[in-house]
Amino acid sequence: MASHNHDLHTANKAKKDEFYTQLTDIEKEMRYYRKHFKGKTVLCNCDDPFESNFFKYFVLNFNRLGLKKLIATCYATSPIAGQQLSLFDVVGGEEEQRNKPYKAVVTKVYDVTGDGGVDMFDVAELFKAHENELVELEGNGDFRSEECLALLDEADIVVTNPPFSLFREYVATLMEHEKKFIIIGNVNAITYKEFFPLIRDNRVWIGASIHSGDRKFYVPDDYPLNASGCGIDEDGRRYIRVKGVRWYTNLDIKQRHEELILVKKYVGHEDEYPIYDNYDAINVDKVKDIPYDYMGVMGVPITFLDKYNPDQFELVAFRKGTDGKDLAYTRERERESLPVLQDSH
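Residue numbers (the numbering used here): 206 to 550.
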């Protein structure tokens, strides 16, 4: 996985965490959760309202989703050069206010300008008229600050793209405050010792819409475009394409309960499934090769988790054998890092 996630590792080392998610990717995932949003307060606590597509999605769909409230914590300026209205245009004031963190609270959205539709200019006018709240935060806007944690406690659901370098701490904060969430991150998060137990214990799972390929993220103007997949779009905004991206959530969706259809047979084909020397399990190279007639423990590729159905399988371990070493068997073959699962049927 290291070669697949070079761009993300580079971003972590440089603390370049301002990766802005595409609106189309947000729309494709959020459509699976509509029933969860009705009457709820949604928090986007890593988002600039006039640059973040998370805020844009929820504010423009505020009435359709039946939201009670939308909260975002943000800065008055953004490191991305965009064409849309900036928060600073709403805040006004002196130049030094550009770097001030703000709290945006939306409780109503309607057509202010009378053009027959709702857009970000209507949202801006509602802020200016104080029909929605836009106030400077006392602290620095960090999600771990006391005032931001108070907003977290107020929210029902958190939806955002947290900083890659703080993913572990961010998730730990959500779990500590017992929050429902939909966040985007790196598939390598599954391997974190703090995170895999959440996956194993069905406290967190992979979302519905992204299971392969790469995704395009906008990045700050000073972000170096020296990796494959980088570029500048027609509006002059810099972007980078990142592999191994996944949605993570603890909101139940029917897609995670879809049965994985198994067609391979174990009995009579035992030689195709070597047994580990240091763990009582068979190795399965590909998800499509999981046998339907084997009821023991199997080592499978990490990509299995994209199709994991907790009603059909049980996760028991990740990578390590009982002796603390990586799973291994005598036959000489290149191996991927493998989670271990057990069919619960």
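Where a beta carbon is used, it is the ideal one built from N, C-alpha and C, also for glycine.
Residue environment for Glu359: exposed (fewer than 16 other C-beta atoms within 10 angstroms of its C-beta).
About 4 angstroms separates the Cβ atoms of Pro496 and Tyr471, confirming a contact at the 8 angstroms cut-off. Non-local C-beta neighbours of Asp327 in its own chain, meaning closer than 8 angstroms and more than five positions away in sequence, comprise Val314, Tyr315, Asp316, Val317 and Thr318, ordered along the chain. With 16 or more other CB atoms across the displayed protein chains lying within 10 angstroms of its CB, Ser257 is buried. Comparing alpha carbon positions, the residue from Leu456, Gly434 and Asp457 closest to Val447 is Gly434.
Within its own chain, the residues whose Cβ lies closer than 7 angstroms to the Cβ of Lys245, once the five positions on either side in sequence are excluded, are Leu272, Lys273, Asp361 and Ile362, listed in chain order.
An exposed status is given to Ala334, since fewer than 16 other beta-carbon atoms sit within 10 Å of its beta-carbon. Per DSSP, reduced to three states, the secondary structure at Phe348 is coil, with no helix or strand assignment.
Within the segment 417–479, the runs of beta strand (DSSP E) at least 3 residues long that lie entirely inside it are, in chain order, 419–423, 443–448 and 450–454.
Less than 8 angstroms separates the beta-carbon of Val311 from that of Leu275. Every beta strand (DSSP E) stretch that sits fully inside the segment 334–417 and reaches 3 residues is listed by chain position as 338–341, 362–365 and 385–391. One Cα belongs to Asn266, the other to Ile415, and the distance between them is close to 22 angstroms.
DSSP places Phe518 in the uninterrupted beta strand (DSSP E) bounded by Phe518 to Phe523. Between Leu342 and the set Lys305, Phe260 and Thr396, the nearest pair of CA atoms involves Lys305. A straight-line Cα-Cα distance of about 7 angstroms links Glu234 and Gly412.
In this structure, the straight-line span from the alpha carbon of Asn488 to that of Thr508 is close to 14 angstroms. Rounded to whole angstroms, His462 and Arg420 show a C-alpha spacing of 25 angstroms. Residue state for Ile495 is assigned as coil, using DSSP reduced to three classes. Within the model, the alpha-carbon separation for Leu357 versus Gly504 is close to 38 angstroms. Annotation: the continuous alpha helix (DSSP H) that includes Tyr262 extends over Asn258 to Leu265. Rounded to whole angstroms, the separation of the alpha carbons of Arg373 and Met380 is 11 angstroms.
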